[in-house]
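Each remark here refers to the structure printed beneath this line.
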Amino acid sequence: MKQTVLNAAHRAAGARMVDFGGWDMPLHYGSQVDEHHLVRNHAGMFDVSHMAVVDLRGADCAEFLRRLLANDIAKLSTPGKALYTCMLNHQGGVIDDLIVYYFEPTHYRVVVNAGTREKDLAWMRQCAAGSAVEITERTDLAMLAVQGPEARQALIGLLGADSRERIEKLSRFNSAVADGLFIARTGYTGEDGFEIVMDADKAETWWERLLQAGVKPAGLGARDTLRLEAGMNLYGQDMDEQTTPLECGLAWTVALDPPEREFIGRPVLEQQRNDGVPRILVGLVLDQRGVLRHGQRVICANADGVVTSGSFSPTLGKSIAFASLPADHGVELAVDMRGKPLPVRKVKAPFVRAGKAAPGIAA
102 MKQTVLNAAH RAAGARMVDF GGWDMPLHYG SQVDEHHLVR NHAGMFDVSH
152 MAVVDLRGAD CAEFLRRLLA NDIAKLSTPG KALYTCMLNH QGGVIDDLIV
202 YYFEPTHYRV VVNAGTREKD LAWMRQCAAG SAVEITERTD LAMLAVQGPE
252 ARQALIGLLG ADSRERIEKL SRFNSAVADG LFIARTGYTG EDGFEIVMDA
302 DKAETWWERL LQAGVKPAGL GARDTLRLEA GMNLYGQDMD EQTTPLECGL
352 AWTVALDPPE REFIGRPVLE QQRNDGVPRI LVGLVLDQRG VLRHGQRVIC
402 ANADGVVTSG SFSPTLGKSI AFASLPADHG VELAVDMRGK PLPVRKVKAP
452 FVRAGKAAPG IAA
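The sequence shown begins at 102 in this note's numbering and counts up by one.
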């Protein structure tokens with residue numbers, strides 16, 4: 102398995118390591134639930150160096166990305182500004198979801214998922230053929246995510262005076278370079294915080310500095326329950342190459358204006374917008390005992406659906422899920438739990454906001 106530069110640090114901290122898409126990654130350091138609450142209430146840090154950082158340079162960068170991505174990078178005009186979007190195939194299916202950062206018209210950075218990096222890079226290079234675009238995977242970099250209501254204070258306290266002031270003023274979905282770090286006010290937990298890209302040889306030093314500042318490590322288990330509570334999709338479960346953004350709750354990431362921008366997958370999305378989608382992604386809450394899991398059958402009025410992501414929610418104390426359902430799924434819903442239908446409530450994500458049940462989630 103592949104290893105991040107912090108692999109030895111995880112093992113020294115007693116992490117339970119698992120195979121995650123071919124990477125040897127920490128699932129937890131003792132208690133997944135404790136790590137979840139740590140991030141919701143204080144601050145925790147994740148090693149996300151398995152994700153791929155890709156730099157794009159060249160005269161055709163802007164034109165290329167406007168064609169490649171469903172959201173419109175023309176929205177980005179301030180250096181450091183970030184945009185969440187999907188990269189689609191010609192059938193409108195999601196090849197990957199990613200964040201793109203703007204530096205200048207000839208330089209952008211994208212961060213893509215670990216399990217899709219090879220196919221993402223191959224697709225980018227295929228689509229860039231003949232264009233003045235240089236695509237470079239930055240294997241020399243590492244990445245940490247510091248998340249939670251106390252995360253900003255913890256990191257800013259470790260920066261130099263000039264950098265501290267700059268990062269304090271950083272608004273959400275913006276980034277800046279400070280103390281030799283690329284710091285973005287983004288995350289995958291629903292909490293405030295930063296994702297920090299650095300030279301790989303600096304990762305262990307910053308891991309130790311954050312530990313000394315009281316920021317404890319958290320593993321993939323907590324990251325998954327945090328993102329689900331926050332209503333954030335997981336690639337490979339809630340969306341894939343057979344799912345369009347309109348079918349998985351990501352219509353807000355698609356820019357159909359201006360109408361003259363021809364991006365890959367646009368004709369399919371326009372057809373779905375006009376005709377309606379065959380299925381939609383919804384939030385579910387199970388108010389009785391039991392745990393919703395990926396792959397469970399959802400019993401609907403006319404045809405079955407399926408749970409795409411499901412887990413026990415440590416914040417809510419009950420099970421929650423995303424499910425892909427027929428567009429005409431009706432009102433009464435139940436999940437097949439080992440042959441027994443258990444009623445579930447359809448709700449609008451996120452399930453948790455500001456560390457508490459979002460409006461309409463509590464029974």
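In this text, a Cβ means the ideal position worked out from N, Cα and C, and glycines have one as well.
Per DSSP, the unbroken beta strand (DSSP E) holding SER276 starts and ends at 276-279. The beta carbons of LEU387 and LEU443 sit closer together than 9 Å. The three-state secondary structure of LYS449, taken from DSSP, is coil.
When DSSP reads this structure, SER425 sits in a beta bridge with LEU382 and VAL407. Shown here, GLU238 sits in a strand according to DSSP, grouped into three states. For secondary structure counted as the alpha helix (DSSP H) over 4 or more consecutive residues, the stretch 115-156 holds these complete runs in sequence order: 133-142.
Collapsing the DSSP output to three states places ARG362 in coil. Within the same chain, and ignoring the five residues on either side of MET102 in sequence, the residues whose Cβ sits closer than 7 Å to its Cβ are ASP120, GLY123, TRP124 and ASP125. Residue environment for PRO127: buried (at least 16 other C-beta atoms within 10 angstroms of its C-beta).
In this structure, ALA183 and THR354 do not form a Cβ contact; the two beta carbons are roughly 13 Å apart against a cut-off of 8 Å. If you look at HIS111, you'll find it in the alpha helix (DSSP H) that goes 108-113.
Annotation: the continuous alpha helix (DSSP H) that includes ASP376 extends over 367-376. A residue is called buried once 16 or more other Cβ atoms fall within 10 Å of its Cβ, and GLU269, having fewer, is exposed. Nearest to GLN397 by alpha-carbon distance, out of VAL445, GLU164 and LEU245, is VAL445. For GLY456 and VAL234, the gap between their C-alpha atoms comes out near 42 Å. LEU222 and LEU370 have their C-alpha atoms some 23 Å from each other.
No Cβ-Cβ contact shorter than 9 Å links ARG374 with LEU351.
Here ALA160 has THR207 and ALA233 as same chain residues with Cβ atoms under 7 Å from its own Cβ, once five neighbours each way along the sequence are excluded. Residue burial is scored here from C-beta neighbours: HIS151 has at least 16 other C-beta atoms within 10 angstroms and is therefore classed as buried. A straight-line Cα-Cα distance of about 8 Å links ASP263 and ALA279.
Under the DSSP assignment, ILE257 falls outside any beta strand (DSSP E), being part of the alpha helix (DSSP H) whose first and last residues are 252-257. Listed in chain order, the non-local C-beta contacts of MET438 below 8 Å within the same chain comprise GLY391 and GLN397, local neighbours out to five positions each way being set aside. Spatial neighbours of GLU309 in its own chain (CB-CB distance under 7 Å, excluding positions within 5 residues in sequence) are not present. PHE165 is bridged by DSSP to nothing; it lacks a bridge partner.
For ALA183, the enclosing beta strand (DSSP E) stretches over residues 183-189. Out of GLY366, TYR289 and CYS349, the CA that lies nearest to the CA of LEU189 is found in GLY366.
Going by DSSP, ALA435 is part of the beta strand (DSSP E) stretching over 435-438.
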